[in-house]
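Asks: Would you mind keeping the following structure in view while I ask a few things?
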Amino acid sequence: MSEAQRETLVFIVSGPSGSGKSTLVKKLIEVPDMLFSISCTTRPPRPSEKPGEWYNFVSEEEFRRRIDAGGFLEYACVFGHHFYGTPREELDRARAAGKDLVLEIDVQGAAQVKQKLPKAIGIFIVPPSREELERRLRERGQDSDGEIERRLERARQEMTGYRQYEYTVVNDNLEEAGRRIQAVAVAARLSTARNQARVEEILASFGGTDR
Ligand code: 5GP
0 MSEAQRETLV FIVSGPSGSG KSTLVKKLIE VPDMLFSISC TTRPPRPSEK PGEWYNFVSE
60 EEFRRRIDAG GFLEYACVFG HHFYGTPREE LDRARAAGKD LVLEIDVQGA AQVKQKLPKA
120 IGIFIVPPSR EELERRLRER GQDSDGEIER RLERARQEMT GYRQYEYTVV NDNLEEAGRR
180 IQAVAVAARL STARNQARVE EILASFGGTD R
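Start counting the sequence shown at 0; every next residue gets the next number (numbering that gives the first Met the number 0).
In structure tokens, the structure reads:
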């Protein structure tokens with residue numbers, strides 16, 4: 000079997016906001032043959048966000064229409080505000096391209112993906128401490144004290160879901176954490192199950208198992 004015909008691996012990355020998750024996802028998709036799954040959301044774009052780059056922005060009506068049409072691999076209402084979902088086509092796109100897929104989704108979405116695709120590989124990003132997360136949020140200078148408290152409480156809630164993930168990366172040092180998340184991808188691709196056909200071929204060139 001050639002590389003391109005191998006089963007697409009699905010990596011799920013979750014973690015609280017401010018944990019450095021997006022930066023680490025960027026590191027993960029630097030690994031060759033990785034495709035980032037572009038989610039659909041009903042939240043409005045931020046000034047820096049171009050549609051179709053990290054998200055596609057749709058109306059709530061359109062989102063509900065896609066739910067009814069079974070268009071999502073998973074979806075969730077995140078923080079009780081806006082809908083976010085992974086279009087099924089993202090998985091088809093990765094399979095057609097012979098690439099692995101990276102989903103940056105919340106813990107509710109991760110649970111749905113694990114149910115449908117039990118072999119999906121979950122990676123949870125953890126901030127090093129509450130103090131450090133608070134420091135990072137204050138440094139961004141975007142939020143009021145009340146908003147920072149709410150974010151810290153949300154972070155606590157999200158972190159209680161970490162046990163459903165196969166891997167955890169504590170983001171105490173961005174460079175190190177970047178190497179660790181890439182190592183997960185490299186190791187997953189080296190599993191015996193995934194490489195069996197190739198090794199069997201090599202073994203056959205030696206005369207096979209029975210001689
Ligand atoms: P933000 O609005 O800050 O970009 O993302 C808010 C949260 O929504 C993050 O925790 C992010 O991981 C999550 N999220 C983004 N896309 C999806 C998706 O397609 N499905 C689910 N379930 N969560 C998502």
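Backbone N, C-alpha and C define an ideal beta-carbon position, used for all residues, glycine too.
(1) Go ahead and pull the three-state DSSP assignment for Ala109.
(2) Pull up the DSSP beta-bridge partners for Ala75, would you.
(3) For Cys39 versus Gly97, is the C-beta spacing smaller than 8 Å?
(4) Would you call the segment 27-43 in contact with the segment 125-133, where contact means no fewer than 3 C-beta pairs closer than 8 Å?
(5) To which residues of the same chain is Gly108 closer than 6 Å at the C-beta, ignoring the five residues directly before and after it?
(6) On a Cα-Cα basis, can you pick out the residue from Phe56, Arg63, Gly69, Glu6 that is closest to Arg94?
(7) Is Glu133 near the ligand 5GP - that is, is its Cβ less than 7 Å away from at least one heavy atom of it?
(8) Report all residues from its chain with a CB closer than 6 Å to the CB of Gln111; omit the five preceding and five following residues, and keep chain order.
(9) Check whether the Cβ of Tyr83 sits closer than 7 Å to any heavy atom of the ligand 5GP, and report yes or no.
(10) Taking the C-alpha atoms as reference points, what is the distance between Gln141 and Ala176?
(11) The ligand 5GP heavy atoms versus the CB of Asp142: any closer than 7 Å?
(12) Let's test the definition: count the other Cβ atoms within 10 Å of the Cβ of Asp99 and tell me whether it reaches 16, buried, or not, exposed.
(13) Flag this pair as touching only if the segment 48-62 and the segment 178-193 have three or more C-beta atom pairs under 8 Å; answer yes or no.
(14) Pull up the distance between the alpha-carbon of Val9 and that of Thr208, whole angstroms please.
(15) Please classify Gly206 as buried or exposed, where buried requires at least 16 other C-beta atoms within 10 Å of its C-beta.
Replies: Well, looking at it:
(1) helix
(2) Partner(s): Tyr83.
(3) No, the pair does not count as a contact, with Cβ atoms beyond the cut-off.
(4) No, they do not touch.
(5) Glu73, Ala75
(6) Nearest of Phe56, Arg63, Gly69, Glu6 to Arg94, Cα basis: Glu6.
(7) no
(8) Glu73
(9) yes
(10) 25 Å
(11) Because no heavy atom of the ligand 5GP lies under 7 Å away, the Cβ of Asp142 does not count as near it: no.
(12) buried
(13) With a cut-off of 8 Å, the segment 178-193 and the segment 48-62 do not count as touching, because too few Cβ pairs lie within range.
(14) 32 Å
(15) exposed
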